[in-house]
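Colleague: I'd like to ask you about the structure that follows.
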Amino acid sequence: MVERHVLGLSGGRDSAALAVYMRHHHPELDIEYFFTDTGKELPEVYEYLGRLEGVLGKPILRLNPDRDFDFWLMQYNSFLPSAQTRWCTRMLKLRPFENWVKPMLKDGDEVTSYVAIRSDEDYREGYSSKSQNLSVRLPFREDGVDKAGVIELLEASGLGLPSYYEWRSRSGCTFCFFQQKIEWVRLMERHPEAFEEAKSYEKTAVKHGSPFTWSQGESLEELAHPDRVAQIRSDHAARLERMKAKIQPNPLRPDGEPIDIDDLYGQSKMCLTCHK
Ligand code: SF4
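Residue numbers (the numbering used here): 14 to 289.
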């Protein structure tokens with residue numbers, strides 16, 4: 014029996030901080046870092062993972078799905094994934110992980126998976142494992158590391174935040190349906206080709222009778238209309254001002270903590286597998 018320790022990186026802030034934390038606090042553990050690549054990630058994600066490898070001094074294993082997004086989209090009759098039918102996470106993120114650990118578990122190895130749920134987070138999604146040999150640990154929760162702690166860890170390690178944090182606070186697919194409307198607007202500006210690709214997936218889906226558009230209540234074509242873009246921007250700015258007015262100043266962090274889009278709009282709008 015071999016003990017194995019694995020830590021999944023999403024390209025997001027919290028899992029990167031957990032990797033740094035484990036390296037500092039548990040250098041005795043030989044942790045295998047992995048990234049499940051949906052093939053539809055932002056270039057900034059790959060850049061961040063590359064820098065993280067430098068900080069960890071270790072390569073991050075890339076787990077690629079056996080079939081890509083287009084294959085699964087066809088299997089699902091061109092119906093876009095959605096918060097209600099999240100086949101994308103299952104097929105592109107969980108399945109490659111399960112395929113990777115399956116032989117380890119079959120050999121009787123004890124696998125511990127470390128997950129970056131912070132101490133200040135509520136989480137509703139369980140990380141229940143199907144195998145007795147696979148256990149899940151939440152070191153940030155166990156050790157009381159909150160969002161401020163995560164940011165401090167990343168700053169102290171020199172890694173900092175992923176560069177996409179300037180405009181969106183989530184890793185994962187460019188077209189993730191958990192995105193807020195303001196993130197779609199910014200995707201259109203920063204990565205117009207990815208926005209166009211999402212638009213074309215949506216057109217095909219609608220043609221096949223899919224009840225879902227990427228963003229609730231409107232197509233990307235409608236969302237991209239200049240009047241609508243202006244409205245989304247002003248709604249977002251107003252929401253941000255309201256939140257800033259509510260925040261108590263922290264004397265230890267005079268510049269304040271960055272406000273995540275998910276904090277602003279509510280944490281249910283994220284996927285713990287893809288966006289941590
Ligand atoms: S990032 Fe979003 S679209 Fe991509 S697999 Fe995760 S939930 Fe699905």
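Think of the CB as a built atom: it goes at the ideal place given N, C-alpha and C, for glycine as much as any other residue.
Just so you know, these numbers come straight off a predicted model, no measurement behind them.
The ligand SF4 heavy atoms versus the CB of phenylalanine 190: any closer than 7 Å?
Modeller: On the sequence shown, position 177 is the one that residue 190 refers to. Yes.
Colleague: Name the two residues that bound the continuous alpha helix (DSSP H) containing leucine 236.
Modeller: Translated into the one-based positions of the sequence shown, residue 236 becomes position 223. Segment 233-236, the alpha helix (DSSP H) holding leucine 236.
Colleague: Using only the alpha-carbon positions, how far apart do serine 223 and phenylalanine 153 sit?
Modeller: As a working note, residue 223 is residue 210 in the sequence shown. As a working note, residue 153 is residue 140 in the sequence shown. In a straight line, the C-alpha of serine 223 is about 40 Å away from that of phenylalanine 153.
Colleague: For threonine 102, does the count of other Cβ atoms within 10 angstroms reach 16, so buried, or fall short, so exposed?
Modeller: Along the sequence shown, read from residue 1 onward, the residue named residue 102 stands at position 89. Buried.
Colleague: If I follow the unbroken alpha helix (DSSP H) through leucine 253, where does it start and stop?
Modeller: Position 240 of the sequence shown holds residue 253. From DSSP, the alpha helix (DSSP H) with leucine 253 extends over 239-259.
Colleague: If you reduce the DSSP assignment to three classes, tell me which class leucine 200 lands in.
Modeller: Counting from 1 along the sequence shown, the entry for residue 200 is found at position 187. The answer is helix: DSSP assigns leucine 200 an H, G or I state.
Colleague: Got a sec? Which residues, its chain only, sit under 6 Å from methionine 273 by beta carbon, not counting five neighbours each side?
Modeller: On the sequence shown, residue 273 is found 260 positions in, with the first residue counted as 1. According to the sequence provided, residue 273 is aspartate. The question's methionine does not apply to it. Excluding sequence neighbours, aspartate 273 sits near Ser182.
Colleague: May I ask which residues mark the beginning and end of the beta strand (DSSP E) holding leucine 105?
Modeller: As a working mapping, residue 105 is identified with position 92 in the sequence shown. Counting along the chain, leucine 105 falls outside any beta strand (DSSP E), and DSSP gives it neither H nor E.
Colleague: I'd like to know whether the C-beta atoms of threonine 226 and alanine 211 end up nearer to each other than 8 Å.
Modeller: Position 213 of the sequence shown, counting from 1, holds the residue named residue 226. Position 198 of the sequence shown, counting from 1, holds the residue named residue 211. No, they are not a contact pair.
Colleague: Can you tell me which of the three DSSP states arginine 181 falls into?
Modeller: Position 168 of the sequence shown, counted from the start, is the residue given in the question as residue 181. Looking at arginine 181 - three-state DSSP - the assignment turns out to be coil, as it is neither helix nor strand.
Colleague: Residue range of the beta strand (DSSP E) that isoleucine 73 falls in?
Modeller: Within the sequence shown, the letter at position 60 stands for residue 73. First-last for isoleucine 73: undefined, no H or E at that position.
Colleague: Between which two residues does the alpha helix (DSSP H) holding threonine 217 run?
Modeller: As a working note, residue 217 is residue 204 in the sequence shown. Counting along the chain, the alpha helix (DSSP H) containing threonine 217 begins and ends at 205-220.
Colleague: When you compare the CB positions of aspartate 27 and arginine 131, do they come within less than 8 Å of one another, or not?
Modeller: Locating residue 27 in the sequence shown gives position 14, where the first residue counts as 1. Locating residue 131 in the sequence shown gives position 118, where the first residue counts as 1. The answer is yes: Cβ separation under 8 Å.
Colleague: Compare the beta carbon distance of alanine 30 and leucine 22 with 8 Å and say whether it is the shorter of the two.
Modeller: Here residue 30 is taken as the residue at index 17 of the sequence shown, counted from 1. Here residue 22 is taken as the residue at index 9 of the sequence shown, counted from 1. Contact: no.
Colleague: Rounded C-beta distance between phenylalanine 191 and cysteine 284? I'm assuming under 8 Å.
Modeller: Residue 191 sits at position 178 when you count from the first residue of the sequence shown. Residue 284 sits at position 271 when you count from the first residue of the sequence shown. Contact holds; Cβ gap of about 6 Å.
Colleague: Using the three-state DSSP reduction, which class does histidine 18 fall into: helix, strand or coil?
Modeller: Indexing the sequence shown from 1 puts residue 18 at position 5. Strand at histidine 18.
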